[in-house]
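Colleague: Here the sequence shown is numbered in the working numbering, starting from -6 and rising by one per residue.
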Amino acid sequence: MQKYIDQLNEAQREPVLQKDGPMIIIAGAGSGKTRVLTIRIAYLMSQGIDAFSILSLTFTNKAAREMKKRISDIVGSNEAKNLWMGTFHSVFARILRSEADKLGYPSNFTIYDSQDSVRAISGIIKEMQLDRDVYKPKQVLGRISSYKNSLITVKAYFNNPELQEQDAMSKKPRLGEIYQNYVDRCFKAGAMDFDDLLLKTNELLTRFPEVLAKYQNRFRYILVDEYQDTNHSQYLIVRALSDKFQNICVVGDDAQSIYAFRGANINNILNFQKDYDGVKTFRLEQNYRSTKNIVEAANTIIDKNKTKLDKVVWTANDFGPKIKVHRSLTDAEEGRFVASTIFEQKMQHQMMNGQFAILYRTNAQSRAMEDALRKRDIPYRIYGGLSFYQRKEIKDVLCYLRLVLNPKDEEALVRVINYPHRGIGDTTVEKLTVAANHYKRSIFEVMKNIDKIDLKLNSGTKQKLQDFVMMIESFQVINENQDAFYITDHVAKKTGLVQELKKDATPEGMAKIQNIEELLNGIKDFTEGQREIDGARGALSEFMEDVALATDLDKDTSDEDRVALMTIHLAKGLEFPHVFVVGMEEDLFPSAMSMSTRSELEEERRLFYVALTRAEHQAYLTYSQSRYRWGKLTDSEPSRFIEEIDGQYLEYLTPVENNYRYKPMIDSDIFGDVDKSKLRLAKPVAGTPPSYVTNNEPKPDLNIRKLKPVSSNPSSGAANLFDNKLVAGNIVMHERFGKGEVLNLEGVGADKKAEIKFEVGGIKKLLLRFAKLDVI
Ligand code: ATP
Ligand code: MG
């Protein structure tokens, strides 16, 4: 143990050796926060703390596995086995399973993924005969999700006239009813969605003091990584569990808080000192990950944010190469640059594919990169996007397996009851659904009792329903004694799924069969792995738990050497020798959707900070002068974030021509801050970094070219009001800020702004070309 402690620097050692009490470690990227957590856990164990009483919450399950492995190396795998480690969702799903009966749930409850939830909501909207264009299922789900994460239950919703009014004003007066129906439907199906895992845990801990006491006594030491991205629901769980012993250690970096859009609350980190008595605060300042150039450039970026804690980050590492900036004409060319650079680096320096990462703001950007990598025969792996387990053929198999474990699971049942085709039509399913709602039973139970209920079905249909029930029940019998591999193989064959896919001899069809084989291989690995660990059977229920809670990063099971492609959000906590941040363009990064307020822009800037600080040795920033967006070729300009980096850290690979134009710094324009908004880039000389000159001149006409309305995205639904007749006194609805009154208008064209007094949140100035407003 001592050896590992000696490897830490002094600032890192202190929080490791501080055994008890509440503590917070606030430190910049790459300063060893995660490492400190890991060593701290090993140290606690070496001090005689039982692994069983340590709870550690991480951002991905993969991070948890890696930590556990490191701890096993230090204290031995037998000791580390009992550590509770994982994401909030996986840890609390486990606790909910053992306490489910208290909440009226079966212990084998299903966990709905977002696809299931959207399907359920769509079904409800249809049953309620509402307009799908107004009640967009994904949007409705987003709303319900934010209620759940703020612990606003259906009951709380109906007790809160303000919320109801807000939904009514955004033309969704029946949102509460949908919420109610969705909750009922999940409950009846014995299912929880992702947000429920946190909401129900909170319910469990508040409604049942004895349960709270049990887990408080059990988890004497609690550690949380990436604390800056916890939401309110997660915060309350941690608070409740740590309340008795107060041995709580959280680590985080306010500069890396990037999930506000999903309800993460940066105040959780800022207020930690107030929440506990005698909090010890530790700061780590030395970055071990990156070169001086990267660390210092990252510092200059985050300095632009106003809302931040003061922090120092420095490194003893070499200066390293400068950050390389590359401009291309099209996104295809950008892809070619990235692919050929990787190719050359591999050749020249014998590097592995896995040492490169390509990071982007939105998933859609991966396509150009993929094309270019394929042409160069460079293997890559995309994280995120449609994950393996959500592919249709895989999800079909999984839904059968879900039914084996929980036949009440309505989404699974509706999905596979007539796939492969077995003559059970939509009308029959509708009748079953109506009956199930009427009797307050699951569809499966209705099917089991089909002889006793008069649904006006002919005897052939009844027989088919009974056959289906018998098939699922026969699987259940087999599942009692067999492992996950056996039952999956059996289900894939006996349901006719494999035969169905074999009918399709196209390459796509064959790929689907291969995917099912890959699923079976994965399950085989799982069952064998379980046997090795503790001689367990490798039961289906355990496998399904893994699948339901796997985050995108967790599915990286293969050891193949591949370039990593992912969104910046997913890259949090990771590191790579070479990192490409692509699509460094205005309206893309920062995103056009996140520029209307300073706080949104600051979140984008933090995201850029996260992206850059993933790089150990070399960072590349690339941008294209045009790009297909929403089906149209659009001109683009370099991201302001490139300009925000001090020029001494940058090397321009392509001559910088006159493609920097004045562009209003929206945050500063709106808030009247004096910073670079009052500056503009001097016409750069080819081959040299741009420099700033003050600008009090009128803006060049070129600016007009930027008038492209953001809401040309037909799916965004954003009102493009900059040429509408908005007048002072109008009452408007903003997607995020709610209801407000227009006080004043200023500027013209693309610069037109409205000063709006929102009922919640006060007065804000919004640039109309970005603001998502509806006049009501
Ligand atoms: P992030 O904010 O990105 O999550 P972090 O603060 O969690 O970063 P770590 O991932 O723990 O940082 O550490 C960054 C890198 O520095 C890792 O490769 C880690 O092994 C290394 N490192 C941390 N501390 C030391 C040290 N004292 N000596 C040598 N290497 C170290
Ligand atoms: Mg970390």
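For each residue, glycine too, the CB sits at the ideal point set by N, CA and C.
1. I18 to M(-6), Cα distance in whole Å?
2. Can we count D296 as close to the ligand MG, meaning its CB is less than 8 Å from some heavy atom?
3. Would you tell me roughly how many angstroms separate the C-alpha atoms of V575 and A361, rounded to the nearest one?
4. Using a beta-carbon distance below 9 Å, is Y645 in contact with chain C?
5. In the DSSP output, which residue or residues are listed as bridge partners for T615?
6. So is the beta-carbon of K433 under 8 Å away from any non-hydrogen atom of the ligand ATP?
7. Mind checking whether the beta-carbon of G21 lies closer than 8 Å to any heavy atom of the ligand MG?
8. Over the uninterrupted beta strand (DSSP E) stretch that includes N737, give me the two end residues.
9. Count the other CB atoms, across all protein chains shown, that sit within 10 Å of the CB of R408; report buried if there are 16 or more and exposed otherwise.
10. Can you say whether M537 is buried or exposed, counting buried as having 16 or more other CB atoms within 10 angstroms of its CB?
11. From K297 to Y220, what does the alpha carbon distance come to, in whole angstroms?
12. Would you mind stating whether L198 and I230 have Cβ atoms separated by less than 9 Å?
13. Would you report the Cα separation of N280 and F187, rounded to the nearest angstrom?
14. Within 10 Å of its beta-carbon, does A290 have 16 or more other beta-carbons around it, so buried, or fewer, so exposed?
15. Confirm, please, whether the CB-CB distance from K505 to D497 is below 9 Å.
16. Would T334 and Y613 be called neighbours here (beta carbons separated by less than 9 Å)?
17. If I'm right that F45 touches N75 with Cβ under 8 Å, what's the distance once you round it to whole angstroms?
18. Between the segment 247 to 266 and the segment 53 to 69, do three or more beta carbon pairs fall short of 8 Å?
19. With a threshold of 16 other CB atoms inside 10 Å of the CB of N451, please say whether the residue is buried or exposed.
20. CB-CB under 8 Å to I480, same chain, minus the five flanking residues each way: which ones, in chain order?
21. Note down, in chain order, each residue of its chain lying with its Cβ closer than 6 Å to the Cβ of S619, except the 5 sequence neighbours on either side.
22. Between the Cα of L760 and those of F85, N737 and G169, spot the shortest distance and give me the residue it belongs to.
23. Spell out the partners DSSP gives R282 in its beta bridges.
24. Using DSSP with H/G/I as helix, E/B as strand and the rest coil, what is H610?
25. So which residues touch the region around the ligand MG, with touch meaning a C-beta under 7 Å from any heavy atom?
26. What residue ranges within the segment 370 to 455 form continuous beta strand (DSSP E) runs of no fewer than 3 residues, ordered along the chain?
27. Within the present structure, is the beta-carbon of V9 separated from the nearest heavy atom of the ligand ATP by less than 8 Å?
28. Would you list, in sequence order, the uninterrupted beta strand (DSSP E) runs of no fewer than 3 residues that lie entirely inside the segment 472 to 504?
29. Write down the C-beta distance between N508 and I387 rounded to the nearest angstrom, noting that I regard them as a contact closer than 8 Å.
30. Would you tell me roughly how many angstroms separate the C-alpha atoms of Q0 and N54, rounded to the nearest one?
31. Report the option in I34, R200 and K181 whose CA atom is closest to the CA atom of W77.
32. Do the segment 145 to 165 and the segment 104 to 112 touch if we need at least three Cβ pairs shorter than 8 Å?
33. From A608 to A350, what distance separates their C-alpha atoms?
34. With H562 as the anchor, note down where its alpha helix (DSSP H) starts and where it stops.
35. Can the beta-carbon of E739 be found less than 9 Å from the beta-carbon of E748?
36. Which partner residues of R622 appear in the DSSP bridge assignment?
Modeller: Reading it off the structure:
1. 21 Å
2. no
3. 11 Å
4. Going by chain labels, chain C is absent from the structure shown, which holds only one protein chain.
5. H319
6. no
7. no
8. G731 to E739
9. The residue in question, R408, is buried, as its Cβ has 16 or more Cβ neighbours within 10 Å.
10. buried
11. 22 Å
12. yes
13. 35 Å
14. It counts as buried.
15. yes
16. yes
17. In this structure F45 touches N75 by the C-beta definition: roughly 5 Å separates them, less than 8 Å.
18. Touching, no, given that fewer than three Cβ pairs across the two stretches are closer than 8 Å.
19. With a threshold of 16 other beta carbon atoms within 10 Å, N451 falls short and is exposed.
20. L394, V397, F468, I471, N472 and L533
21. Annotation for S619: T323, L626 and D628 place their beta carbon closer than 6 Å to its own, counting only its chain and skipping 5 residues before and after.
22. The residue from F85, N737 and G169 with its alpha-carbon nearest to that of L760 is N737.
23. Its beta-bridge partners do not exist; DSSP assigns none.
24. strand
25. K26, T27, D218, E219 and G566
26. With a minimum length of 3 residues, the continuous beta strand (DSSP E) runs that stay inside the segment 370 to 455 are 373 to 375.
27. no
28. none
29. 6 Å
30. 26 Å
31. I34
32. Output reads no: the segment 104 to 112 does not touch the segment 145 to 165.
33. Going by the C-alpha atoms only, they are around 9 Å apart.
34. No alpha helix (DSSP H) holds H562; DSSP gives it neither H nor E.
35. yes
36. For R622, which the question treats as bridged, DSSP gives the partners K625.
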